[in-house]
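K.L.:
Residue numbers (full-length UniProt numbering): 1 to 521. Just so you know, even glycine gets a beta-carbon here, dropped at the ideal spot from N, CA and C. This is the structure, below, for whatever I ask next.
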Amino acid sequence: MATHDQETEHYFHDTEVHCVLCPRNPDDGGSIVQDLEISTMFTHHQKIVVVDSEMPSAGSQSRRIVSFVGGIDLCDGRYDTPFHSVFRTLDTAHHDDFHQPNFEGASITKGGPREPWHDIHSRLEGPIAWDVLYNFEQRWRKQGGKDLLLPLRELENMIPPSPVVFPDDPERWHVQLFRSIDGGAAFGFPETPEDAARAGLISGKDNIIDRSIQDAYIHAIRRAKNFIYIENQYFLGSSFDWSADGIKPEDINALHLIPKELSLKIVTKIEAGEKFSVYVVVPMWPEGIPESGSVQAILDWQRRTMEMMYKDIIQALEAKGIKEDPRNYLTFFCLGNREVKRSGEYEPSEKPEPDSDYMRAQEARRFMIYVHAKMMIVDDEYIIIGSANINQRSMDGARDSEIAMGAYQAHHLATREPARGQIHGFRMALWYEHLGMLDDSFLQPEGEECIRKVNQIADKYWDLYSSETLEHDLPGHLLRYPIGVASDGIITELPGFENFPDTKARILGTKSDYMPPILTT
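This is how it looks when you write it as structure tokens:
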């Protein structure tokens, strides 16, 4: 997984920093086979930092807890700016932080393109920051040992919990913490199904599961009125309704409900004669060699998920006698950048292998921007940010361990006018970063004018990104995800694009006959 955990442990050896290399242990009640499956296939995926900090008021001698939750790994290759340069920072910011795991043998000595990184994290203050600290305490007491921890009750005497803002501040936030985790990874879980139910947890066959991230997504989708905007590293699930095209859907077990909830939300809006739009931004492909079996398998699951959703939408449109492009209701994007060569740029001392993906991408001066964010915005009113991908690993609760926050500003929900708080501002900032422009239509993402304009711009940027030549830098990063949607909802290739640019990797993916679905869903 290239997590550098051994290097981290070695770095902190014989210091006051206590570093525990922590496997994904199963809950106590599983079988030997289940225990082996969990410990070898799944990971701890939470990304949190908790620190003490000065109070916002000058002169105060008190301290407070500040926490950070989101998608950014404390790892090399993650630093980037909104410009997401592929070549121009190779002699400055990214010379010693060159990250390109999609080409075999890639290195700074062979030159770009580097893999730009797009991610989202949140800073939490006030009582919610203590919930993140409590999550750490539960994790540490389960797998790190108790002897090094200061009990939270003693910490409260030193750093008393305090509100960040005055109660009547109109910009104050309401924030809740969610997790995907089970009793094998967190201390203090209930031991009986009855106690678990009272705590809002789920009783699995042999364990107690917190699946509140999936619950939070479902609740927010069901409450949505106008639009949903998603950025996520993966997008696959609801396999119970996938087409039985070379597979047995019942054997896949990517059962989480988020894709189906999204398509059913659109269907109910079509039936009610109301406009509703869903925008989804994903990477071109999951990080790794794009022709590899694992990447191709995930792309195949992604295609099946998209197909299921578009079939739902098309059936609803036909039932109402509406002839309209389903991409006006649900549309998928990816991010990419392309730069013309400038004088004075970094000149590598070596060259990539001839006729390799690496060489073709270097000559074409382009590469995808890797979407690692895990975020959903609903109606500019509510936002979820965390570590959880939209796949079964993250949403299951008994697979990868995850953490996320959901938040809203009540003051901006108190009128019948569209929300114009910080969530709205953040979405507009993201769209400006991705599109390189703003437009009045962006104020109403559910509107026909907005989704048509965004699709037109993304189509144009894809054409520029994928063209044989480029005379100027790409004016924006948001690209149409390179698929078509047939009249029956079947996902197709765009004309001339069976493979991603510069690669021999199929855009629609390839079903794996040897890799178990539990690894790639």
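1. Can you give the Cα-Cα distance for ASP131 and ALA186, rounded to whole angstroms?
2. Thinking PHE178 and ARG123 are a contact (beta carbons under 8 Å), I'd like their distance in whole angstroms, please.
3. Can you find the residues in the same chain that come closer than 7 Å, C-beta to C-beta, to TYR370, ignoring five residues on each side of it along the sequence?
4. Count the other CB atoms, across all protein chains shown, that sit within 10 Å of the CB of PHE189; report buried if there are 16 or more and exposed otherwise.
5. How big is the Cα-Cα spacing for VAL33 and PHE136?
6. For LYS374, count neighbouring Cβ atoms within 10 angstroms of its own Cβ and tell me buried if that reaches 16, exposed if not.
7. According to DSSP, simplified to helix, strand and coil, what is ARG141?
8. With DSSP run on the structure shown, which of helix, strand or coil describes ILE120?
9. Cβ atoms of GLY77 and LYS47: under 8 Å apart, would you say?
10. Rank ALA272, ILE252, LYS265 and PRO348 by C-alpha distance to the C-alpha of GLN302 and give the top, closest one.
11. Closest to TYR358 by CA distance: which of GLY273, GLY386 and ILE108 is it?
12. At 4 residues or longer, and completely inside the stretch 300-344: list those alpha helix (DSSP H) runs for me, N to C.
13. Give the DSSP bridge partners of TYR229, in chain order.
14. Kindly identify the DSSP beta-bridge partner or partners of ARG211.
15. In whole angstroms, what separates the C-alpha of ASP300 from that of PHE497?
16. Roughly how many whole angstroms lie between the Cα atoms of THR503 and ARG338?
17. Within a Cβ cutoff of 7 Å, which residues of the same chain sit near PHE500, ignoring the five residues on either side of it in sequence?
18. Given ILE491, which residues of its chain have a CB within under 8 Å of its CB, disregarding the five upstream and five downstream residues?
19. For the beta strand (DSSP E) holding PHE367, just list the boundary residues, first then last.
20. Would you call the stretch 425-438 and the stretch 312-322 touching, i.e. three or more CB-CB distances under 8 Å?
21. Could you have a look at TYR358 and say whether DSSP puts it in helix, strand or coil?
22. Would the stretch 212-228 and the stretch 257-277 be scored as touching if the rule is three or more Cβ pairs under 8 Å?
23. Can the beta-carbon of LEU474 be found closer than 8 Å to that of TYR465?
24. Going by the CB atoms, is the gap between HIS45 and SER401 shorter than 8 Å?
25. For ILE298 versus THR520, is the C-beta distance shorter than 8 Å?
26. Check for me: the alpha helix (DSSP H) holding PHE426 runs from which residue to which?
27. In the DSSP assignment, the beta strand (DSSP E) including ARG408 goes from what residue to what residue?
28. Just to confirm the assignment, what range does the alpha helix (DSSP H) spanning TYR11 have?
29. Short of 6 Å in beta carbon distance, which residues of its chain neighbour ALA505, apart from the five on each side in sequence? Order them along the chain.
30. Please name the residue in HIS424, SER57 and GLU9 whose C-alpha comes closest to that of PHE166.
31. Rounded to the nearest angstrom, what separates LEU236 and HIS10 at their Cα positions?
P.N.:
Short version:
1. Position 131 of the sequence shown, counted from the first residue, corresponds to residue 131. Position 186 of the sequence shown, counted from the first residue, corresponds to residue 186. Whole-angstrom Cα-Cα distance: 13 Å.
2. As a working note, residue 178 is residue 178 in the sequence shown. As a working note, residue 123 is residue 123 in the sequence shown. No, PHE178 and ARG123 are not in contact; Cβ-Cβ is about 17 Å, not under 8 Å.
3. The residue labelled residue 370 in the question sits at position 370 within the sequence shown. Correct list, in chain order: GLU115, PRO116, TRP117, HIS118, PRO283 and GLU287.
4. Numbered from its first residue, the sequence shown carries residue 189 at position 189. So PHE189 ends up on the buried side.
5. Locating residue 33 in the sequence shown gives position 33, counting from the first residue. Locating residue 136 in the sequence shown gives position 136, counting from the first residue. Bear in mind that a pLDDT of 49 at VAL33, under 50, signals an unreliable position, so the model cannot answer this.
6. The residue you call residue 374 lines up with position 374 of the sequence shown. Classification of LYS374: buried, given that the 10 Å Cβ count is 16 or more.
7. What you label residue 141 is simply residue 141 of the sequence shown in a count that begins at 1. Reduced to three states, the DSSP call for ARG141 is helix.
8. Here residue 120 refers to the residue found at position 120 of the sequence shown. Looking at ILE120 - three-state DSSP - the assignment turns out to be coil, as it is neither helix nor strand.
9. Your numbering for residue 47 matches position 47 in the sequence shown. Your numbering for residue 77 matches position 77 in the sequence shown. Cβ atoms of LYS47 and GLY77: not closer than 8 Å.
10. On the sequence shown, position 302 is the one that residue 302 refers to. Cα-wise, what sits closest to GLN302 is ILE252.
11. The sequence position of residue 358 within the sequence shown is 358, counting from 1. Residue ILE108 is the option with its Cα nearest to TYR358.
12. none
13. The count along the sequence shown starts at 1 and reaches residue 229 at position 229. In DSSP, TYR229 forms a bridge with TYR279 and ILE377.
14. Taking the sequence shown and counting its residues from 1, one reaches residue 211 at position 211. Per DSSP, SER180.
15. Position 300 of the sequence shown, counted from the start, is the residue given in the question as residue 300. Position 497 of the sequence shown, counted from the start, is the residue given in the question as residue 497. Distance between the alpha carbons of ASP300 and PHE497: 16 Å.
16. Locating residue 503 in the sequence shown gives position 503, counting from the first residue. Locating residue 338 in the sequence shown gives position 338, counting from the first residue. Cα to Cα, THR503 sits roughly 16 Å from ARG338.
17. Counting from 1 along the sequence shown, the entry for residue 500 is found at position 500. Correct list, in chain order: MET284, TRP285, PRO290 and ILE507.
18. Taking the first residue of the sequence shown as position 1, residue 491 is located at position 491. So the list reads ARG303, MET306, GLU307, TYR310, ILE483, GLY484, VAL485 and LEU508, once near-sequence residues are dropped.
19. Residue numbering aside, residue 367 sits at position 367 when the sequence shown is read from its first letter. First-last of the beta strand (DSSP E) with PHE367: 366-368.
20. no
21. If you number the sequence shown from 1, residue 358 lands on position 358. Correct three-state label for TYR358: helix.
22. yes
23. Position 474 of the sequence shown, counted from the first residue, corresponds to residue 474. Position 465 of the sequence shown, counted from the first residue, corresponds to residue 465. Their beta carbons are under 8 Å apart, which means LEU474 touches TYR465 by this criterion.
24. Taking the sequence shown and counting its residues from 1, one reaches residue 401 at position 401. Taking the sequence shown and counting its residues from 1, one reaches residue 45 at position 45. Against a cut-off of 8 Å, the Cβ pair of HIS45 and SER401 comes out as a contact.
25. Stepping through the sequence shown from its first residue, residue 298 is reached at position 298. Stepping through the sequence shown from its first residue, residue 520 is reached at position 520. Against a cut-off of 8 Å, the Cβ pair of THR520 and ILE298 comes out as a contact.
26. Here residue 426 refers to the residue found at position 426 when the sequence shown is read from its first residue. Residues 422-435.
27. Within the sequence shown, the letter at position 408 stands for residue 408. A quick correction: the sequence has Tyr, not Arg, at residue 408. TYR408 -> beta strand (DSSP E) spans 402-408.
28. Counting from 1 along the sequence shown, the entry for residue 11 is found at position 11. Segment 5-11, the alpha helix (DSSP H) holding TYR11.
29. Here residue 505 refers to the residue found at position 505 of the sequence shown. For ALA505, where only same-chain residues beyond five positions count, the Cβ hits under 6 Å are PRO290, GLU291 and ASN499.
30. Here residue 166 refers to the residue found at position 166 of the sequence shown. The option with the nearest alpha carbon to PHE166 is SER57.
31. One-based indexing of the sequence shown puts residue 236 at position 236. One-based indexing of the sequence shown puts residue 10 at position 10. Cα-Cα distance, rounded: 37 Å.
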